[in-house]
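Going by my numbering, the first residue of the sequence shown is number 20, and it counts up by one from there. C-beta atoms are modelled at their ideal positions from N, C-alpha and C, and glycine is treated no differently. These figures come from a predicted structure and were not determined experimentally.
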Amino acid sequence: MNVLLLSMPDSFEHMPPIVVRMPNGALASLAGNIDPHHDVGIADLILVQSRVRATVERLVRERRPDVVGLSIMTF
């Protein structure tokens, strides 16, 4: 099964930019716990904030995922 995990480009205005650019540990942990016979990709969309839609469309086209997981941020 192809799995694509996307870290959405959310940010919190009171966080310094260096913190916002840290990798999403939760998605990396999920990816590391998926059975090895599955193909897992992670995309940190905070790094492509001006090209999110184009990046997601390209990843879906190239990876053809069976499952897509999205991160969320709530306050």
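Query - Spatially closest choice to D63 from L78, R83, N21 and M20, by CA coordinates - result: Within the sequence shown, the letter at position 44 stands for residue 63. Checking every option, the nearest Cα to that of D63 belongs to L78.
Report task. Provide the residue span of the alpha helix (DSSP H) that contains V75, from first to last. Result -> Looking up residue 75 in the sequence shown gives position 56. Run containing V75: V71 to R82, per the alpha helix (DSSP H) assignment.
Requested in this report: Tell me whether I61 sits in a helix, a strand or coil according to DSSP, three-state version.
Outcome: Along the sequence shown, read from residue 1 onward, the residue named residue 61 stands at position 42. DSSP places I61 in strand when its eight states are reduced to three.
Report task. Starting from S26, follow the beta strand (DSSP E) in both directions and report where the run begins and ends. Result -> Counted from its first residue, the sequence shown places residue 26 at position 7. S26 -> beta strand (DSSP E) spans N21 to S26.
Query raised in the report: Can you tell me whether V86 is buried or exposed, with buried defined as 16 or more other CB within 10 angstroms of its CB?
Result: As a position in the sequence shown, residue 86 is number 67, starting the count at 1. V86 is exposed by the Cβ-count criterion.
Report task. Give the range of the alpha helix (DSSP H) segment to which L49 is assigned. Result -> Working through the sequence shown from its first residue, we reach residue 49 at position 30. G44 to G51 is the span of the alpha helix (DSSP H), which, as asked, contains L49.
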